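Residue numbers (my numbering): 6 to 105.
Glycine included, C-beta positions come from ideal geometry on N, C-alpha and C.
A quick note: this is a predicted structure, and the numbers were derived from the prediction, not measured.
To start, the structure itself, in structure tokens.
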């Protein structure tokens, strides 16, 4: 199962609005792991009733923003690629070395 994390956020100091979220997603299966990193830009309206300023945010609030910004197809593609990367590590198509 993929684990999403927020590793950094850029925000406006005047109103606390977050404009960029840097994310990291990893999947671990025993000794094997895969990782992706990226960022998404966000738009906000500080006058909106649901606005949450930077100082009051939690990772649990921001991760859905990241995924919503990316769209479900991209989130699924990233998570599928992680699973594929681990499968390739478990059964590599190529190996290196010498036979002697």
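Look up residue i in the DSSP assignment and give the residues it is bridged to.
i           : result
residue 15  : 25
residue 32  : 39
residue 105 : Beta-bridge pairing links residue 105 to no other residue.
Counting along the chain, where does the beta strand (DSSP E) carrying residue i start and finish?
i          : result
residue 45 : 37–46
Taking the continuous alpha helix (DSSP H) assigned at residue i, which residues delimit it?
i          : result
residue 99 : From DSSP, residue 99 is part of no alpha helix (DSSP H); its letter is neither H nor E.
residue 68 : 64–75
Short of 6 Å in beta carbon distance, which residues of its chain neighbour residue i, apart from the five on each side in sequence? Order them along the chain.
i          : result
residue 7  : 30, 32, 84, 87
residue 89 : none
residue 10 : 29
Measure from the alpha carbon of residue i to the alpha carbon of each residue in the options, then state which is nearest.
i          : options        : result
residue 59 : 10, 24, 102    : 24
residue 76 : 34, 35, 45     : 45
residue 79 : 41, 104, 95    : 41
residue 14 : 102, 43, 38    : 43
residue 91 : 16, 39, 17     : 39
residue 51 : 10, 62, 21, 68 : 21
Tell me, to the nearest whole angstrom, how far the beta carbon of residue i is from that of residue j; I am working on the premise that it is less than 8 Å.
i          : j          : result
residue 12 : residue 70 : Between residue 70 and residue 12 the Cβ distance is about 14 Å, and since that is not below 8 Å, they are no contact.
residue 37 : residue 99 : With a Cβ gap of about 16 Å, residue 37 and residue 99 do not count as contacting.
Spatial neighbours of residue i within its chain, please: CB distance less than 7 Å, with the 5 preceding and 5 following residues excluded, ordered by chain position.
i          : result
residue 57 : 66
Does residue i get closer than 8 Å to chain C when you measure Cβ to Cβ?
i          : result
residue 71 : Of the protein chains in this structure there is only one, and it is not chain C.
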